[in-house]
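Residue numbers for the sequence shown, in this note's numbering: 18 to 138. Just so it is clear, CB atoms sit at the ideal spot from N, CA and C, and this is done for glycine as well. Bear in mind the structure is a predicted one, so any value in this text is a computation, not a measurement. For reference, the structure discussed in these notes is given below.
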Amino acid sequence: MADKVYRQLYETMAKRGGLYSGMDIPEFYNLVEELFTPEEASVYMAIPPGYSPPGTIAGTIGKKEEDVVKILEEMAYKGLCTAGKMGDTTFYGAPPFVPGIFEFQFMRGTSTEKDIRLAKL
């Protein structure tokens with residue numbers, strides 16, 4: 018199951034583009050498995066191009082909006098999606114792998130065990 022969702026994540030990123038959208042190689046899968054839980058990968062893939070409110074994203078995957086908001090907020094904290102507020106609504110976007118997700122991992126300037134694992138991958 019997890020292998021399937023990460024394969025789908027690669028295919029989604031490849032369609033969306035970016036300077037580096039991933040490669041169908043073990044090293045890429047090792048990296049995205051370190052970054053995304055299978056549930057986060059599913060939510061990332063449900064984010065349409067541009068920015069969308071959580072209700073739209075939740076509707077795409079058939080989950081409750083409040084459950085998806087929790088996942089999206091954690092993903093935004095981890096640098097796996099972007100978030101911006103307009104009025105009372107938060108909109109979420111799915112950045113490409115590079116530039117985007119990969120760089121967000123190191124922008125905090127921390128040196129945690131996870132940071133070291135990511136750098137090695």
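- With distances taken between CA atoms, T106 lies nearest to G72 out of A58, G72 and G126.
- Taking the Cα positions, N47 is about 22 Å away from T99.
- In the three-state reduction of the DSSP assignment, K80 falls in the coil class, being assigned neither a helical nor a strand state.
- Contact between Y61 and F108 fails: their C-beta atoms lie close to 15 Å from each other, not under 8 Å.
- Annotation for S59: V22 and I78 place their beta carbon closer than 7 Å to its own, counting only its chain and skipping 5 residues before and after.
- Around the C-beta of F114, 16 or more other C-beta atoms lie within 10 Å, and the residue is accordingly described as buried.
- If you look at M103, you'll find it in the beta strand (DSSP E) that goes T99 to M103.
- Beyond the five residues adjoining it in sequence on each side, E82 comes within less than 7 Å, by CB distance, of P71, G72 and A75 in the same chain, given in chain order.
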